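Sequential numbering of the sequence shown, starting at 1069, is according to our numbering.
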Amino acid sequence: MKFIVYGAGALGSLFAALLSKKHDVLIVGREKHVEAIEKNGLIVEGLSNGIFHPKTRWDGSRYELIILTTKAYDTKKAVEEAVERFGKLPFLSLQNGLNNEEEIASIVGYENVIGGITNHGVTFIDYGKIRHAGYGETVIGEMDGKISNRIRKIAKAFNEAGIETRISKKIKEEIWRKVVINSAINPLTTIFKCKNGAIMKYKSLIREICDEGIRIARKEGYVIDDAFKKTMEIIEKTADNYSSMLQDVMNGKRTEIEEINGAIANAGEKHGIKACYNIVLTKIIKEMENVGT
Ligand code: PAF
């Protein structure tokens, strides 16, 4: 298949690298990252190892899918830019946060949106170099729940490239579960400045944060009662990774706290639930963004 990975930071680069073994992949990211890849290849260390060679310049040919891996707060701008550069193509969001699919659909329509989540842990080491620090499942699904030909084709292409992928008929529920998982792992690892595995000892706190998200998800119509169990599993599987939020704070970048914990708190407010944990965590991380590490 022909994929564009748009907004390739750590996670997008992992997908571009693995997919490029079997498919035609164009990587779009920050210029310094792209230049380093052109010079030395895309270097992946850790669980996946090697030097990969996705395309870095567009040859004008038509691609089949844009895999969007930008930060959630950049979604709208990124989709507008991508459409202007490559034309109107289907988008698969593999981003963190709650409202990416709706934002993409506001530009290209729901028929061009595929929802997704992935639980790989990836650290950005330097331009052109990433570390695959934790394995995780990838789940994709059409927004209307149909098992379409294109979703089958994408899942097959991912699996053939070694990216374990499952199709879901309830992708929005998967996204809610992933956001609740992130709502515990990301701010806690950022506050305690530690790898994912080190928060294992705060089990009861993690349970309470997850329970708050689970309760709000249910009000939205999504039953994700296993979210705490899944969170603990992902902490174990990505124990050696620095969460994307901690990496952002360490690099002086804006975090996705508003799109993760802030979005859960906003949904809670809609249903008359004061999401105390999510509100406090959002405030603490916003302070950390201002002050830095
Ligand atoms: O945002 C992240 O860092 C990732 O979603 C995850 C799975 C928590 C791994 O660090």
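Ideal Cβ placement from N, Cα and C applies to all residues, glycine included.
None of the values given here were measured: they were computed from a predicted structure.
Rounded to the nearest angstrom, the gap between the Cα atoms of Asp1293 and Lys1246 is 12 Å. By the C-beta density criterion, Asp1194 is exposed, having fewer than 16 other C-beta atoms within 10 angstroms. The alpha-carbon of Ile1119 is positioned some 9 Å away from that of Ile1105. Rounded to the nearest whole angstrom, the CA to CA distance from Lys1271 to Ile1277 is 10 Å. Residue environment analysis places Met1356 among the buried positions, since at least 16 neighbouring C-beta atoms fall within 10 angstroms of its C-beta.
For Ile1198, the enclosing beta strand (DSSP E) has its first and last residue at 1197–1202.
Put simply, the backbone Cα of Gly1204 is about 7 Å away from that of Thr1186.
For Ile1292, there is no enclosing beta strand (DSSP E), since its DSSP letter is neither H nor E. In this structure Ile1219 is not in contact with Val1248, their Cβ atoms being roughly 24 Å apart against a cut-off of 8 Å. Relative to Arg1130, the option among Leu1136, Lys1139, Pro1158, Asn1108 whose CA is nearest is Pro1158. Look at Tyr1141 here: in three-state DSSP terms it is helix. Taking one beta carbon from each stretch, the region 1299–1308 and the region 1256–1276 have 3 or more pairs nearer than 8 Å; the two touch. Within the DSSP secondary-structure output, Glu1113 pairs in a beta bridge with Arg1199. In this structure, ligand 1 has no non-hydrogen atom nearer than 8 Å to the beta-carbon of Ser1251. The alpha-carbon separation between Glu1179 and Lys1214 amounts to approximately 11 Å. By the 16-neighbour rule on beta-carbons within 10 angstroms, Gly1196 is buried.
Taking C-beta atoms under 8 Å as the contact rule, Thr1299 and Ile1253 qualify, at a distance of about 7 Å.
Per DSSP, reduced to three states, the secondary structure at Tyr1074 is strand. Under the DSSP assignment, Ser1174 falls outside any beta strand (DSSP E), being part of the alpha helix (DSSP H) whose first and last residues are 1168–1176. The alpha carbon of Arg1199 has as its nearest neighbour, out of Asn1334, Ser1311, Glu1171, the alpha carbon of Ser1311.
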